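Protein chains in written order, with our numbering: chain A, 1065 to 1355; chain B, 1065 to 1355; chain C, 1065 to 1355; chain D, 1065 to 1355.
First the structure, in the form of structure tokens, and then the observations on it.
4 protein chains.
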Amino acid sequence: MTEPFRPAGEGLRTRLFQIIFESDTPLAKGFDIALIVTILASVLVVMLDSVDHLSAAHGEWFYWLEWGFTIVFTIELLVRIYILDKPLRYLRSFYGMIDLVAILPTWLMLLVPGTQTLVIVRLLRVLRIFRVLRLMQFVGEGRLLVGALKNSVRQIFLFLFTVFLLVTLFAALVYMIEPAEAGFTSIPMAIYWAIVTLTTVGYGDIVPITPLGQAISTLVMLIGYSIIAVPTGVFSAEVIRSIRADRYSDQACPGCGHDRHEKRALYCLKCGTWLDEETQDPNRPLENGKR
Amino acid sequence: MTEPFRPAGEGLRTRLFQIIFESDTPLAKGFDIALIVTILASVLVVMLDSVDHLSAAHGEWFYWLEWGFTIVFTIELLVRIYILDKPLRYLRSFYGMIDLVAILPTWLMLLVPGTQTLVIVRLLRVLRIFRVLRLMQFVGEGRLLVGALKNSVRQIFLFLFTVFLLVTLFAALVYMIEPAEAGFTSIPMAIYWAIVTLTTVGYGDIVPITPLGQAISTLVMLIGYSIIAVPTGVFSAEVIRSIRADRYSDQACPGCGHDRHEKRALYCLKCGTWLDEETQDPNRPLENGKR
Amino acid sequence: MTEPFRPAGEGLRTRLFQIIFESDTPLAKGFDIALIVTILASVLVVMLDSVDHLSAAHGEWFYWLEWGFTIVFTIELLVRIYILDKPLRYLRSFYGMIDLVAILPTWLMLLVPGTQTLVIVRLLRVLRIFRVLRLMQFVGEGRLLVGALKNSVRQIFLFLFTVFLLVTLFAALVYMIEPAEAGFTSIPMAIYWAIVTLTTVGYGDIVPITPLGQAISTLVMLIGYSIIAVPTGVFSAEVIRSIRADRYSDQACPGCGHDRHEKRALYCLKCGTWLDEETQDPNRPLENGKR
Amino acid sequence: MTEPFRPAGEGLRTRLFQIIFESDTPLAKGFDIALIVTILASVLVVMLDSVDHLSAAHGEWFYWLEWGFTIVFTIELLVRIYILDKPLRYLRSFYGMIDLVAILPTWLMLLVPGTQTLVIVRLLRVLRIFRVLRLMQFVGEGRLLVGALKNSVRQIFLFLFTVFLLVTLFAALVYMIEPAEAGFTSIPMAIYWAIVTLTTVGYGDIVPITPLGQAISTLVMLIGYSIIAVPTGVFSAEVIRSIRADRYSDQACPGCGHDRHEKRALYCLKCGTWLDEETQDPNRPLENGKR
């Protein structure tokens, strides 16, 4: 997604746009880094404020820091709105809503007493970092991973559905076998236990105590230990395919019929025939003198 | 497996067949989705009914909902039987038996008092969802995964047998070392511990307490942590092979009848005969001059 | 390894050899299966005998069953010795020693009182199953896995050494930070904790209780969670390489220079030229009429 | 990195250099092994000395052993300094600093009382083993793994950032839901719990006790169980790519200077020039008629 709201004219707005919405100039990069640091600092303050003895000792500090961050983020949002030609469309976009959510809880706390529980919502600020990463050079890597995930999403859905089935059936089985004293008080509780076991988390808060229950739970463990191979195998295959897909074309050489040339090839590596222009990757720059 | 029981004539039965057993028309898709929702809802009711305080508060509701679902599923089964030309063969098939199992416990509860424990059997209804998934477009993905699993089943069996051996030997070793107070009261108990440890589940209900026992258990952990690479590697390789498998066409050579040529092949690799144009991958560009 | 001790003459010994040491005839296969079942049954008896209440109730049964199995295995070993031309060399081989170890503890119990603790040694019988699997068709799978393991053994050694380093350094760090009350009473204990954490087993018998210790342990967890990718990746790559290695030769076609033919190819799939005999896999059967 | 400080002249220093800094001669190999054994022994003494009852019983022994190791390592360092032409540059290198750190704590203990806590620093000696491994033939394997890690570092960073995001948001959610009595006393504590859960470690020291909290934590478990596929898949693909990377030769085309041709290439893929015979893979058979 490219930012589609860039200002028409030249001048201050255009320059601010380059700093805030783009990432090419040193100033823009400095802004990006400052923004990440500020977001992380504000998130850290929210976290530390939740620790009782830190809150008791430094609560006032945290309070004013929070206000400082909120004012900084509010100014930033106002500048973004000022820059853009279609600010409302921005506010309704994903990143616009995150920007709003990042500052609203603190302002609400001022207006409406008793909205302290909204404090946690401020942690959503952390999502704003994604925007900055997107501007920096993590696009390629992210696209590769997301692409591989998208291609394997149906297999992974099938896998998760099978996990859900196994969990349900084993949970019901162990629920019938184990006494309630062991913690298996209901089927949902047994499902919780089955997921804890199958995913190899193994809290140990609920464990089978009868020999039969233990025997069945070792089965669940071995299944969980083995079927992790399924999503891993599917995803590995997908990543390998993605990496390879953009190196070779399947175009055959008109001279000798050899296929599997690298996309960048202009001449057949087997017989030296010029590979027809139309069969080439359109992104390749022309090298006329050579031809 | 294709449904082999389709009704011969036209009319109501054929139309019902298309809705219930197939998945091409909008009506059939709607039926599939309604069926999945109903199954999940009925499973949810069974689960919630097992929670004591929910059962106490809403038990009556759950009771009547259960009867509602049972009647719906019974009608559905009767319709299926009415549609099919060979209903008995259907009832003896896997999905037919699941259909029966899904409704029997509730009807039995009416006839035979004290069959409450069969309640859990109702959860097998969840297996009926597989049929619907099969009708929808998850066949390809499932076949890929199941195919890869089948191809690697011997390696995975060998792997599980090795795990079983390691578990037995380490369990016997730790059983000799650790005192019974630590929970290692018998070899089966020690095997339970060894599986909990090797699969990295780690409940913590039985843990070694002697230095030597702890040293050996770290060995078990490191082995379990490392050998997970084996099924994962085997399965990954298998998935990659499956994906690549469609580089082969099943077209036979007009010269010698050899099949299983790579799709890119222009000449038979057994007798050198030119493979007919029609047998080629349609995506390949024509190279007439050469030919 | 092939059994190198086969009897020279014909007659009873040769026939027994085919049944016991080979696996081609129905009788030999029946013997293999009977042997696996007997071994598993005898191991099961050893295990169940270690459970106090089963031992109290059925101890006598277990005692006589154990003697039964011991006598069967003793007869089997005597027959093996009778069959072979070099029985002493067999007894000094791996499988010969396992055969001996499988029966010695019970006979010793008779001769030397107070050798009850040797009981566990009997579990080594389970290793005898490997011999039978070797005879059956699991050789190929095992060779593939063992080959891939051998090829990646140096990488996996480096990986385990890095794990050992990380574990030592993090254990020392957390040992300094955490109080002894949390269970971190010595560096070896801290190493035990670090391995439990890094391998994601997570018993929970020793856990950090200070904020700094918890922060460091989350680092250990994330490292353990991530570096599992290393052995898995190395082993996957090795399996894929092994599978692929015996499909393609890198021999180039003398006609058009195309390489990457399947080993079974006799003619170039691009230009139909006959691939020179010397460049071919020597295992291929000659097809003279065709050529 | 090659050691850049080798002595200019012949004689004792050169011979010592070959033994200590290189690994080609039997004497040098013997020195390497002796060094590894000494380092491991000294590390073992530090570990055992931290066990209270061993320290009480054998503390004197450990004390004098430690002095023995320290003196041996000091002499070794002095010899290294004597050998090299630029000893100061060596001392400022990574391995020089590790050499110093390995002996300083014990000498400091003599000079400055109360520096007992530096005891742990001695464990850094273990890092010295890397130097020896580097000299031996583990360079290739290490370079492969480190290369694959470097190539996938951006993807793995993205992965860890996503993990950090998930952990933060789920921790905040469960912190709001669960009572403090369950151990969720602050957001940092909830983050500790979320990492313990997502990485499938599952200590069980802090576990959710409300149904909603348990439901959310099963979600965290399933996510952690599934997304382990991401680093594994990325790293597997990278290792496979690294292994395959030596399909390229770095030979430049005599026509246009383009390098990075596949080893199997006969003609430059940029200008179609015939690649000189000497630039080819020597394993390729000559195909003179064609040329």
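Glycine is no exception: its CB is placed at the ideal position from the N, C-alpha and C atoms.
Quick caveat, the model's predicted, so the values are computed rather than measured.
Counting contacts by CB-CB distance shorter than 9 angstroms, is D:L1076 in contact with chain A? no
Which of helix, strand or coil DSSP assigns to D:Y1267: coil
Could you pull the start and end residues of the alpha helix (DSSP H) that A:D1113 belongs to? P1090 to D1113
Let me see if you follow: with CB-CB separation under 9 angstroms, is D:S1216 close to chain B or not? no
Rounded to whole angstroms, what is the Cα-Cα separation between C:G1266 and C:E1245? 19 angstroms
Got a sec, what are the start and stop residues for the alpha helix (DSSP H) B:E1130 sits in? D1116 to I1147
Please report how far the alpha carbon of B:S1306 lies from the alpha carbon of B:D1096, in whole angstroms. 30 angstroms
In chain order, what residues of the same chain lie with their CB nearer than 7 angstroms to the CB of B:R1189, ignoring the 5 residues before and after it? I1103, S1106, V1107 and A1166
CB contact flag (B:Y1191, B:I1145, <9 angstroms): A small fix is needed here, since residue 1191 of chain B is Leu in this sequence, not Tyr. Not a contact, by the Cβ cut-off of 9 angstroms.
Would you say B:S1306 reaches chain C, if we count a Cβ-Cβ gap shorter than 9 angstroms as a contact? no
Own chain, CB closer than 6 angstroms to A:T1138, minus 5 neighbours either side, in chain order: I1167
Going straight from the alpha carbon of B:P1275 to that of A:R1218, what length do you get? 48 angstroms
Measure from the C-beta of B:P1349 to each C-beta in chain C and report whether the shortest distance is under 9 angstroms. With a pLDDT of 41 at B:P1349, under the threshold of 50, the predicted position of this residue should be treated as unreliable, though the coordinate-derived value follows. With 9 angstroms as the cut-off, B:P1349 does not count as an interface residue toward chain C.
Apart from the five residues just before and just after A:D1113, which ones in its own chain have a Cβ nearer than 6 angstroms to its Cβ? S1119 and F1126
Within the continuous alpha helix (DSSP H) that includes B:S1216, where are the two ends? B:S1216 -> no alpha helix (DSSP H), and no H or E assigned at all.
Would you kindly report the start and end of the unbroken alpha helix (DSSP H) that includes D:I1259? I1251 to L1262
According to DSSP, what are the bridge partners of C:Y1331? C:W1338
Spatial distance of D:G1288 from D:L1262 (CA atoms): 4 angstroms
Using a threshold of 9 angstroms, state whether the C-beta atoms of A:V1303 and A:L1208 are closer than that. yes
Identify each residue in the region 1263-1275 of chain D for which the Cβ-Cβ distance to at least one residue of chain A is less than 8 angstroms, and report them in chain order. T1264, V1265, G1266, Y1267, G1268, V1271 and P1275
Do we get a CB-CB distance below 9 angstroms when we pair D:L1222 with the residues of chain C? no
Can you tell me where the alpha helix (DSSP H) with C:P1169 in it begins and where it stops? F1158 to L1175
Ordered along the chain, which non-local residues of its own chain (more than five positions away) have a Cβ less than 8 angstroms from that of D:I1083? T1089, L1091, A1092 and F1095
Around the Cβ of C:V1298, are there at least 16 other Cβ atoms within 10 angstroms (buried) or fewer (exposed)? buried
Endpoints, alpha helix (DSSP H) assigned at A:R1077: L1076 to F1085
Contact criterion: CB-CB distance below 9 angstroms. Does A:I1193 meet it with respect to chain D? yes
Boundaries (first-last residue) of the alpha helix (DSSP H) holding A:P1275: P1275 to I1291
Please name the residue, chosen from C:G1277, C:I1100 and C:T1264, that lies closest to C:F1194 on a Cα-to-Cα basis. C:I1100
Under a three-way DSSP split, which group does B:P1151 fall into? helix
Given that a residue counts as buried once 16 or more other Cβ atoms are within 10 Å of its Cβ, and exposed if not, what is C:W1171? exposed
Report, in whole angstroms, the separation of the C-beta atoms of B:I1291 and B:V1238, which I expect to be a contact under 8 angstroms. Incorrect: roughly 18 angstroms between the Cβ atoms, too far for contact.
What residues of chain A sit near C:T1282, judged by a beta carbon separation below 7 angstroms? Simply none; closest approach about 14 angstroms.
Using a Cβ-Cβ cut-off of 6 angstroms (strictly less than) and excluding sequence neighbours within five positions of D:T1062, which residues of its own chain qualify? Outside the shown range of chain D (1065 to 1355) lies residue 1062 of chain D, about which nothing can therefore be said.
Can you grab the Cα-Cα spacing for the pair C:A1254 / C:V1284, in whole Å? 12 angstroms
Express the C-alpha separation of B:L1164 and D:I1273 in angstroms, rounding to a whole number. 38 angstroms
What residues in its chain sit with their C-beta under 6 angstroms from that of B:E1086, if we drop five residues either side in the sequence? A1092
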